[in-house]
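Novice: Going by our numbering, the first residue of the sequence shown is number 27, and it counts up by one from there.
Think of the CB as a built atom: it goes at the ideal place given N, C-alpha and C, for glycine as much as any other residue.
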Amino acid sequence: MEGFAEARGYGANAVKAAPNETSPPFAGRPPGEQARAADRTITVLFCCDPGYYQHLAVALVSLLLNNASNFLDVHLISSRQDSAMESKLVGSLGGYDNFRLQIYYWRSSQHLYTSHHIAVETYTRLFAATVLDDSIDKILYLDSDLIVVDDLMNLWRTDVRDHVLAAVPDPFGLWRREALGMPREGPYVNAGVLLLNLARWRSDDLTRRLADFIAREGDNLAFHDQDAINAVLHAATKILPYRWNLQARMLRPWRLTSLADHAAIARAARSPAIIHYTSARKPWLFVAATPGKRLYRDYLRLTAWRAAPPIGKSWSRLPEYLANHVLDLLGSDYTWDRVLRSTTVGRVIDRSARLLSMGRAH
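1. Report yes if the CB atom of LEU172 is closer than 8 Å to the CB atom of ALA241, and no otherwise.
2. Identify which residue in THR316, ASN96 and ILE301 has its Cα closest to the Cα of TRP182.
3. Which residue marks the beginning of the beta strand (DSSP E) containing GLY218, and which one marks its end?
4. Tell me the rounded alpha-carbon separation between LYS308 and TYR149.
5. Relative to the C-alpha of GLY212, which residue among LEU168, ASP287, THR283 and ILE165 is closest?
6. Is any non-hydrogen atom of the ligand ADP found closer than 7 Å to the C-beta of ARG269, if you look at the structure I gave you?
7. If you check the beta carbons only, do ALA83 and SER109 fall under 8 Å apart?
8. DSSP beta-bridge partners for PHE72?
9. For ALA53, count neighbouring C-beta atoms within 10 Å of its own C-beta (all shown protein chains included) and say buried if the count is 16 or more, exposed if not.
10. For PHE97, list the residues DSSP reports as bridge partners.
11. Return the first residue and the last residue of the beta strand (DSSP E) that TYR130 is part of.
12. Take every Cβ of the stretch 263-280, pair it with every Cβ of the stretch 226-235, and state whether three or more of those distances are shorter than 8 Å.
13. Let's test the definition: count the other Cβ atoms within 10 Å of the Cβ of ARG187 and tell me whether it reaches 16, buried, or not, exposed.
14. On the criterion of 16 or more Cβ atoms from any shown chain inside 10 Å, does GLY121 qualify as buried, or is it exposed?
15. Could you give the DSSP three-state label for LEU345: helix, strand or coil?
16. Could you tell me which of GLY207, ALA306, ARG151 and ARG235 sits nearest to LYS246, measuring between CA atoms?
17. Rounded to whole angstroms, what's the CA-CA distance from PRO195 to ALA274? Just pull it up for me.
18. For TYR79 and THR67, I'd like the C-alpha separation in whole angstroms.
19. Where does TYR122 fall in DSSP's three states?
20. Let me make sure I understand the geometry here. Which of GLU112, GLN107 and VAL70 has the alpha-carbon closest to that of ALA330?
21. In the stretch 285-346, which residue ranges form an unbroken beta strand (DSSP E) of at least 3 residues, counting only runs that do not cross its ends?
22. Let's see if you can read the secondary structure: which residues bound the beta strand (DSSP E) around VAL87?
23. Counting only the same chain and skipping the five closest in sequence on each side, list residues whose C-beta sits under 6 Å from that of VAL174.
24. Among the residues of its own chain, which have a CB less than 6 Å from the CB of SER105, if the five just before and after it don't count?
25. Give me the residue from LEU166, ASP177, VAL100 and VAL215 with the minimum Cα distance to THR263.
26. At what residues does the beta strand (DSSP E) containing THR263 begin and finish?
27. Within a Cβ cutoff of 7 Å, which residues of the same chain sit near GLN107, ignoring the five residues on either side of it in sequence?
28. LEU220 and ALA254 - do their beta-carbons sit closer together than 8 Å?
29. Among residues of its own chain, excluding the 5 on either side of PHE249, which ones have a beta-carbon nearer than 7 Å to its beta-carbon?
30. Just to confirm, is the Cβ distance from LEU86 to LEU166 under 8 Å?
31. With H, G and I counted as helix, E and B as strand and the rest as coil, what does DSSP make of GLN252?
32. So, is TRP310 buried or exposed, given that buried needs 16 or more other C-beta atoms within 10 angstroms?
33. Leaving out five residues before and five after SER297 in sequence, what residues of the same chain have Cβ atoms less than 7 Å from its Cβ?
34. Residue ranges of each alpha helix (DSSP H) run of no fewer than 4 residues wholly in the stretch 156-188, ordered along the chain?
35. Can ALA295 and LEU272 be called in contact, C-beta distance under 8 Å?
Below is the structure:
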């Protein structure tokens with residue numbers, strides 16, 4: 027079911043590791059004893075490929091800056107090695123002394139559902155229990171498209187001994203419950219922040235169970251591994267407050283008054299701990315009108331990608347940029363591109379553009 031290439035660490039005595047060995051991690055400067063104490067250590071997991079390292083660097087820098095009194099034992103599972111991108115990632119962290127980083131190069135040999143917009147890397151977090159050493163029995167998984175803006179120790183100390191995981195509800199995914207065979211009134215959680223009980227994950231053979239579910243239901247999973255996690259594990263999931271995974275669109279809670287949890291979301295928006303840039307409105311896109319976009323840029327300036335311009339930045343896209351911001355002010359989650367393509371005129375324009383492109387190709 028699983029595949030493993032190698033693990034890699036950084037530091038004065040770094041060596042390449044055999045598949046199941048632990049390599050010396052990169053640890054920046056020697057950490058202070060207070061931060062390194064076992065009761066102040068948070069074990070963290072990220073899963074992404076090198077193409078996402080810019081955004082991972084932003085997430086890591088925000089994590090380290092806002093958890094200065096904690097020691098972060100960071101594990102990164104990546105599908106492939108890219109020395110140049112890895113060097114920039116590590117270089118972004120050189121000024122911090124409260125962490126160590128270990129990178130695992132791993133790619134599943136399991137045949138999982140993929141499509142033109144879903145790669146096999148999407149499922150990596152489901153295999154973490156088989157990739158990481160068995161001595162790691164609890165870990166905090168974080169998506170790479172988020173920023174941490176508060177201390178996470180209280181989240182880390184959440185008791186999950188009687189659960190497989192703890193996660194935050196996702197009110198935008200409630201419509202998936204019926205299709206997934208979940209209780210009609212039960213929560214549906216967002217999988218971008220998961221406090222995982224890896225000991226229970228291993229003993230219950232959940233990697234295999236989730237992989238089997240995805241192989242069987244892949245075509246029917248709108249949110250892929252998140253759907254699988256909810257369908258298979260909902261009865262063993264502990265619910266966390268919204269502040270531990272506040273979706274960026276929730277920063278404007280007055281737009282969400284129709285949601286049952288509106289009051290709880292509004293409270294979390296006043297004091298978030300993690301801001302998660304869900305949906306296609308990513309803060310690194312020039313045309314995106316994303317709440318919290320400036321925060322992403324602020325942390326980006328503290329990384330080796332500080333000079334990276336927003337993707338798609340061009341004077342020709344200024345009208346789209348302005349239209350998106352007007353839609354945002356009006357309370358819409360739609361982008362101008364989506365509005366245009368959903369109208370008859372938009373479909374005609376899109377079809378004409380594609381035909382013109384085909385004509386030029388010939």
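Specialist: This is what the structure holds:
1. Locating residue 172 in the sequence shown gives position 146, counting from the first residue. Locating residue 241 in the sequence shown gives position 215, counting from the first residue. The Cβ atoms of LEU172 and ALA241 lie no closer than 8 Å to each other.
2. As a working mapping, residue 182 is identified with position 156 in the sequence shown. Closest option to TRP182, Cα to Cα, is ASN96.
3. Start at 1 with the first residue of the sequence shown, and residue 218 comes out as number 192. From DSSP, the beta strand (DSSP E) with GLY218 extends over 215-223.
4. Numbered from 1 along the sequence shown, position 282 holds the residue referred to as residue 308. Numbered from 1 along the sequence shown, position 123 holds the residue referred to as residue 149. Per the coordinates, the alpha-carbon of LYS308 lies some 20 Å from the alpha-carbon of TYR149.
5. Translated into the one-based positions of the sequence shown, residue 212 becomes position 186. Looking only at LEU168, ASP287, THR283 and ILE165, the smallest Cα-Cα distance to GLY212 is reached by ASP287.
6. Absence of the ligand ADP from the depicted structure is noted, as is the absence of any ligand whatsoever, leaving it without description.
7. Numbered from its first residue, the sequence shown carries residue 83 at position 57. Numbered from its first residue, the sequence shown carries residue 109 at position 83. With contacts defined as CB atoms closer than 8 Å, ALA83 and SER109 fail to qualify as a contacting pair.
8. Reading the sequence shown from its first residue, position 46 is the one you call residue 72. DSSP lists LEU102 as partners of PHE72.
9. Mapped onto the sequence shown, residue 53 falls at position 27. The predicted position of ALA53 is uncertain, since its pLDDT is 49 and thus under 50; no value can be drawn from it.
10. The count along the sequence shown starts at 1 and reaches residue 97 at position 71. THR67.
11. Mapped onto the sequence shown, residue 130 falls at position 104. 125-131 is the extent of the beta strand (DSSP E) around TYR130.
12. No: fewer than three Cβ pairs fall under 8 Å.
13. Your numbering for residue 187 matches position 161 in the sequence shown. A residue is called buried once 16 or more other Cβ atoms fall within 10 Å of its Cβ, and ARG187, having fewer, is exposed.
14. By one-based count along the sequence shown, residue 121 stands at place 95. Exposed is the call here.
15. Along the sequence shown, read from residue 1 onward, the residue named residue 345 stands at position 319. The sequence given here places Pro at residue 345; Leu does not occur at that position. In the structure shown, PRO345 sits in a helix (DSSP, three-state: H, G or I).
16. The residue you call residue 246 lines up with position 220 of the sequence shown. In the sequence on display, residue 246 carries Asn and not Lys. Ranking the options by Cα distance to ASN246, first place goes to GLY207.
17. Residue mapping note: residue 195 aligns to position 169 of the sequence shown, counting from 1. Residue mapping note: residue 274 aligns to position 248 of the sequence shown, counting from 1. A direct Cα-to-Cα measurement between PRO195 and ALA274 gives close to 14 Å.
18. Position 53 of the sequence shown, counting from 1, holds the residue named residue 79. Position 41 of the sequence shown, counting from 1, holds the residue named residue 67. TYR79 and THR67 have their alpha carbons spaced roughly 24 Å apart.
19. Here residue 122 refers to the residue found at position 96 of the sequence shown. Three-state DSSP puts TYR122 in coil, outside helix and strand.
20. Sequence index remark: in the sequence shown, residue 330 carries index 304 (1-based). Between ALA330 and the set GLU112, GLN107 and VAL70, the nearest pair of CA atoms involves GLU112.
21. The stretch 285-346 contains these whole beta strand (DSSP E) runs: 300-302.
22. Counting from 1 along the sequence shown, the entry for residue 87 is found at position 61. Annotation for VAL87: no beta strand (DSSP E) segment contains it, though the alpha helix (DSSP H) segment containing it runs 79-91.
23. Walking along the sequence shown from the start, residue 174 turns up at place 148. These residues qualify, in order along the chain: SER88, LEU89, ASN92 and ILE300.
24. The residue you call residue 105 lines up with position 79 of the sequence shown. Counting only Cβ-Cβ distances below 6 Å, and skipping sequence neighbours, we find ASP75, ARG133 and GLU147.
25. Here residue 263 is taken as the residue at index 237 of the sequence shown, counted from 1. Closest by C-alpha distance to THR263, out of LEU166, ASP177, VAL100 and VAL215, is VAL215.
26. Within the sequence shown, numbered from 1, the residue matching residue 263 stands at position 237. DSSP places THR263 inside the beta strand (DSSP E), whose first and last residues are 263-265.
27. In the sequence shown, the residue the question calls residue 107 occupies position 81. Shown here for GLN107: same chain residues with a beta carbon closer than 7 Å to its own, the five before and five after excluded, namely TYR131 in chain order.
28. Residue 254 sits at position 228 when you count from the first residue of the sequence shown. Residue 220 sits at position 194 when you count from the first residue of the sequence shown. For ALA254 and LEU220, no; Cβs fall outside 8 Å.
29. Position 223 of the sequence shown, counted from the first residue, corresponds to residue 249. Within the same chain, PHE249 has close Cβ partners GLY199 and ARG202.
30. As a working note, residue 86 is residue 60 in the sequence shown. As a working note, residue 166 is residue 140 in the sequence shown. No. Outside cutoff.
31. For the purposes of this step, residue 252 is identified with residue 226 of the sequence shown, where counting begins at 1. Reduced to three states, the DSSP call for GLN252 is helix.
32. Residue numbering aside, residue 310 sits at position 284 when the sequence shown is read from its first letter. Around the beta carbon of TRP310, 16 or more other beta carbons lie within 10 angstroms, which makes this residue buried.
33. Position 271 of the sequence shown holds residue 297. Taken in chain order, the residues that qualify are ARG269.
34. List check, alpha helix (DSSP H) in window: 179-182.
35. Reading the sequence shown from its first residue, position 269 is the one you call residue 295. Reading the sequence shown from its first residue, position 246 is the one you call residue 272. In this structure, the beta-carbon distance from ALA295 to LEU272 falls below 8 Å.
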